[in-house]
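Visitor: Before I ask anything, here is the structure I am working with.
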């Protein structure tokens, strides 16, 4: 077989391999670390692109690890959702670390930079693995790598808030992993399979014999992945963790990591447990209400925050609610909106965190009330922030608009206009906390540290410009991603 | 207040899990769903396919070797995480 | 009547949009060039709109499909007689305001922000009037609403920022309501195009939600009760030329949107059957009375004008609620009349504020002797506002009243009369005090004639004369356009 | 009632691993000492391992080290193999968590969660 045939595995293994090498590289050739990381991420991006191209032209395909066919071996299933997620991960992960090249030395100790790149690559690899894998236990292994790596890129920063936030995150994450493993045990116990495809075939028959096992497993899965995805009542760890971390970490944690668990949830709910399942209705209803609470309460909390990164973190809680709203509504348009929002929110939230990071980098100011006039002295980051904020509110010609469009349309499709109203109300709430920041940034006189910001390195500005342009481009031409997302949705819903 | 909450939570979980236990396949029953074609092939074909007598070893290092790569990576990531945390001091 | 494809509507929208960037670039180097370019852009836009006239007057409809965003969702442009009427009116007023701004704004800070925003708002305004489907309309509507925020807070005072915040939040609410309406329409009809038959077949609960959403979304912009709260704050704090545009033109985009929704989305039969017009009528009556009554109590000249705008928008809403042919003519003609009158008033007020710095009505005694020309124009427009013949305001009210009689509701005529009376109560004292009142603190000094520069006076003069002319002439262009447009809409709008 | 007890007896491995799970969870929730929290976490993990391995047992089966031709019944090897991975995961998480506790102790001089919260002046975990 040619190398291209092994690309699904290589997409995950190559970053892993370079992650192992990174500590050595950091010892011998410090300056190569960043370049290697970039090259590896570029490779994952292009291989995801290649896979996406292949899937779009000739349909989903499977890859057997080591040539062992399921149910004996591990299988990667390269379908629309998987390549979409992989593209999102590598597409956002790349600019974030480009930004990090300049920002990280500012925030971290010299000695741990190499470790940061190691952890970043491991995080990326595990997320890609979660996107591609079709095996329940393999998913668990990647979840664990992801959990530890994402805690580690918080605690790597020398501050007691970071260590404490990372500990809180780790403990809750471990509880989540425990629930996940128990759920896997319960599912395996009654089906004898770990492969998603085989599970989906076995489960309907098993449901009649062991309904309680399945329900308990579902509940544990919801809790396990819900904790990690910060679904509403289980979000307590998120604000501290995402706000205290170094800016690139915040961007990738808020933008990607919580989303990947949502993707895992989507895979499990729609591929393993068929959506028509009798026992699924309450699960979906629960998801709906939890996400509604997440959207409303997350926004409410965001309104009262004073720290810019805390506010963004609370906003993430609300935004993950959109994704789960789409999942819970389960109509074609709503699920499409939810999946689309994974990408859109990854882009805008990463940009917002990086822009906030740029403010902090140049002025050292984190308080929202002190950021007045930042748009006058730092027009590019503030402009990016403004675009991101507009996208959050869902103003047309930004990508956030399309998520809301499809979610609202999907809510109407599902015959639940109430949830369309929820989307609208939350847009208003987003407006209430994002717009004053922009207004203060551009229409106030700069004072104090904001008046004389330090110089922002060109790569950081460049990253913000690229991401900002992305928000607009995907706002004007939503069809760029929509083909992929729409096919993913149709496949998931079996249409 | 918090204690009460914890107790209620734990009671609910216990109740739910114990009811589930009552319904689970009987422990050790050869007719259990887990004893399907998967372990059967592992037991019967391991020697021919991998040349190993210990089936668990065969699974870890061959059939599901990718999981083991992940396992090693978990170990690696934990070391990296612990070292980076302690080094940041 | 036929449907033609032409690039001209796109040009009308894109040209000022592109020029915005040119102006933004040029202004870094030369202020003179910036001013000249801004005026030139407005003039060229006006002429481009006028170039559509032969096709429109021949009864043709011009369409252009830009590109498809998604299946059944595209950016498209469509110019019919109603679009043309409003586009030509707006670009005309815009042109005059651009000329006026040159001298008015020279003393203000942040001119480099003002001109690009002025021109891009023109572009989005043209986009609204020429939109071929609800989605395009929505995009430009949001763009205009959000960008005009910059005009509202131009002064950057605490008051301006506060008013701006209110404006912004209300705009977001309005935008979301519109979004909801459009989503429902899309869900029910599968398309949001304005070029086909009406999109709703029968009055369903979902349809009612859509109607209410549209009413909130467009009504917000139109200053409809009870969503008018932003208007009396936002319009006065803006610089006067911007106030003139906000009150004279941008309010009308809301009315335009409602007209489109009533005739293209729901259709006149549905509106009549379902009785939803009653909601509109009640709101219109309250808006008229409230706007006029509260205006009396206002001390600040521009605030009084802003409340007066609310009252006048009530007439336009009333026309839509009555839905007889003559009411509709009155409605559309009043869009014209009010644009002329209110722009004159705000520009004149701007001239007074620029020259004397006085905003309070109490201080305006004797101003007519200092600035006779400006005050004369103000008087013409105010008389038109009250509805005294032969001004255009009289003509529109008269037609509206006839329409109300056609519908058999003399109650509306009484409302119109009462409100005219109220208009008189708050405009006449200003005029009387201006010409005959004692000047404040200057009794013993000789009165200096202290007019604004001619570049400001000419636009005021043109607008003021239009108020008289379009009421005096038995047949005039705005009235003809209104008549044809009303007829066109009642025929089904395509 | 006797039925229930019989089932519990039959599935006693499952039952007791659930009990262990609850004990671990309780330890995590109620103890303020961070080390004890980590111990609770480990008890939880161990209970799941026990549960998982118990699934693989087949009555009369032997450990799956093959003796070709002997005709023995073997237990299901898959859960055991998976749990080996699981154990490593638990060890790794514990190691990292302990390193964080070391750091916390250096920063705050205590490993009591409430004390740390008090020092930080924030909300409780």
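Chains as they are written, first to last, in the numbering used here: chain A, 56 to 550; chain B, 184 to 272; chain C, 6 to 499; chain D, 9 to 133.
Cβ coordinates follow ideal geometry from the N, Cα and C atoms, glycine included.
Given the structure is predicted, the values throughout are model-derived calculations rather than measurements.
In three-state terms, what does DSSP make of residue 108 of chain A?
Guide: Residue 108 of chain A: helix per DSSP, three-state reduction.
Visitor: Could you name the residues of the same chain whose beta carbon sits closer than 6 Å to that of residue 497 of chain A, not counting the 5 residues immediately before and after it, in chain order?
Guide: These residues qualify, in order along the chain: 430.
Visitor: Taking the alpha carbon of residue 486 of chain C as the reference point, which residue from C:45, C:92 and C:31 has its own alpha carbon closest?
Guide: Looking at the Cα atoms, C:92 is the closest of the given residues.
Visitor: Can you give me the C-alpha to C-alpha distance between residue 477 of chain A and residue 350 of chain A, rounded to a whole angstrom?
Guide: When rounded, the distance between both Cα atoms is 8 Å.
Visitor: Would you list, in chain order, the members of the stretch 117-129 of chain D that have their beta-carbon closer than 8 Å to a beta-carbon of chain A?
Guide: Residues passing the 8 Å Cβ filter: 124 and 128.
Visitor: Output needed for residue 86 of chain A: all residues of its chain with C-beta closer than 8 Å, excluding positions within five of it in sequence on either side, in chain order.
Guide: Within the same chain, residue 86 of chain A has no close Cβ partners at all.
Visitor: Could you run through the stretch 66-77 of chain A and flag, in chain order, every residue whose CB is less than 7 Å away from some CB of chain B?
Guide: The residues in question are 71 and 75.
Visitor: Check whether the stretch 181-201 of chain C and the stretch 127-143 of chain C are in contact - that is, three or more C-beta pairs closer than 8 Å.
Guide: With the cut-off at 8 Å, the stretch 181-201 of chain C and the stretch 127-143 of chain C touch.
Visitor: In terms of residue numbering, what span does the alpha helix (DSSP H) encompassing residue 267 of chain A cover?
Guide: Per DSSP, residue 267 of chain A belongs to the alpha helix (DSSP H) from 266-284.
Visitor: Taking a contact to mean a Cβ-Cβ separation below 8 Å, would you say residue 310 of chain C touches residue 252 of chain C in this structure?
Guide: Taking 8 Å as the Cβ cut-off, residue 310 of chain C and residue 252 of chain C qualify as a contacting pair.
Visitor: Can you pull the DSSP bridge partners for residue 117 of chain A?
Guide: Residue 117 of chain A pairs with A:132.
Visitor: Rounded to a whole number of angstroms, what is the C-alpha to C-alpha distance between residue 353 of chain C and residue 363 of chain C?
Guide: Spanning the two alpha carbons is a distance of roughly 12 Å.
Visitor: So, under 8 Å CB-CB, residue 108 of chain C and residue 458 of chain C are touching, yes? Tell me the CB distance rounded to an integer number of Å.
Guide: Going by Cβ atoms, the distance from residue 108 of chain C to residue 458 of chain C rounds to 4 Å, so yes, they are a contact pair.
Visitor: May I ask you to list the residues that DSSP assigns as paired with residue 67 of chain C?
Guide: Looking at the DSSP assignment, residue 67 of chain C forms a beta bridge with C:9 and C:84.
Visitor: Does residue 134 of chain D come within less than 8 Å of chain B when only Cβ atoms are used?
Guide: Missing from the structure shown is residue 134 of chain D; chain D here goes from 9 to 133 and no further.
Visitor: Answer with buried or exposed for residue 112 of chain A, where buried requires no fewer than 16 other C-beta atoms within 10 angstroms of its C-beta.
Guide: Label assigned to residue 112 of chain A: exposed.
Visitor: My parser needs the alpha helix (DSSP H) runs of 4 or more residues fully inside the stretch 274-303 of chain C; what are they?
Guide: List check, alpha helix (DSSP H) in window: 281-302.
Visitor: Considering only the beta carbon of each residue, do residue 50 of chain C and residue 90 of chain C sit closer than 8 Å?
Guide: Their beta carbons are not under 8 Å apart, which means residue 50 of chain C does not touch residue 90 of chain C by this criterion.
Visitor: For residue 67 of chain D, which residues in chain B fall below 8 Å Cβ to Cβ?
Guide: Chain B residues near residue 67 of chain D: 211, 212 and 213.
Visitor: Put residue 79 of chain C into one of helix, strand or coil per three-state DSSP.
Guide: Three-state DSSP puts residue 79 of chain C in a strand.
Visitor: Taking the straight line between their C-alpha atoms, what separation do you get for residue 105 of chain A and residue 529 of chain A?
Guide: Near 20 Å, if we compare the C-alpha coordinates of residue 529 of chain A and residue 105 of chain A.
Visitor: Could you work out which residues of chain D lie near residue 580 of chain A, taking near to mean beta carbons separated by less than 7 Å?
Guide: Outside the displayed range of chain A (56 to 550) lies residue 580 of chain A, so it cannot be described from this structure.
Visitor: For residue 212 of chain B, does the three-state DSSP call read helix, strand or coil?
Guide: The answer is coil: DSSP assigns residue 212 of chain B none of H, G, I, E or B.
Visitor: Counting beta carbon pairs with one atom in the stretch 67-74 of chain D and one in the stretch 229-238 of chain B, are three or more of them shorter than 8 Å?
Guide: Short answer: they touch.
Visitor: Could one say the Cβ of residue 133 of chain D lies closer than 8 Å to chain B's Cβ atoms, at least one of them?
Guide: A caution first: residue 133 of chain D carries a pLDDT of 43, below 50, which makes its placement in the model unreliable, though a value can still be read off. So no, residue 133 of chain D is outside the interface.
Visitor: Could you tell me whether the Cβ of residue 189 of chain C comes closer than 8 Å to any Cβ of chain A?
Guide: Closer than 8 Å to some Cβ of chain A, the Cβ of residue 189 of chain C qualifies, so yes.
Visitor: In this structure, does DSSP put residue 198 of chain C in helix, strand or coil?
Guide: Residue 198 of chain C: strand per DSSP, three-state reduction.
Visitor: State buried or exposed for residue 574 of chain A, treating a residue as buried only when at least 16 other CB atoms are found within 10 Å of its CB.
Guide: Here chain A covers residues 56 to 550 and nothing more, so residue 574 of chain A does not appear.
Visitor: How many angstroms separate the CA atom of residue 70 of chain C from the CA atom of residue 312 of chain A?
Guide: In a straight line, the C-alpha of residue 70 of chain C is about 41 Å away from that of residue 312 of chain A.
Visitor: Check each candidate in B:219, B:258, B:262 and B:197 and name the one with the smallest Cα separation from residue 83 of chain D.
Guide: Per the Cα distances, B:219.
Visitor: Could you tell me the distance, in whole angstroms, from the CA atom of residue 278 of chain A to the CA atom of residue 397 of chain A?
Guide: When rounded, the distance between both Cα atoms is 20 Å.
Visitor: Grouping DSSP H, G and I as helix and E and B as strand, with all else coil, what is residue 219 of chain B?
Guide: Coil.
Visitor: Residues in the same chain with beta-carbon distance under 7 Å from residue 481 of chain A, minus the five sequence neighbours each way, listed in chain order, please.
Guide: 350, 351, 354 and 373.
Visitor: Once DSSP output is grouped into helix, strand and coil, what is the label at residue 136 of chain C?
Guide: DSSP places residue 136 of chain C in strand when its eight states are reduced to three.
Visitor: Over the uninterrupted alpha helix (DSSP H) stretch that includes residue 199 of chain A, give me the two end residues.
Guide: Per DSSP, residue 199 of chain A belongs to the alpha helix (DSSP H) from 191-210.
Visitor: Would residue 242 of chain C and residue 160 of chain C qualify as a contact pair, given that the criterion is a beta-carbon distance under 8 Å?
Guide: Contact: yes.
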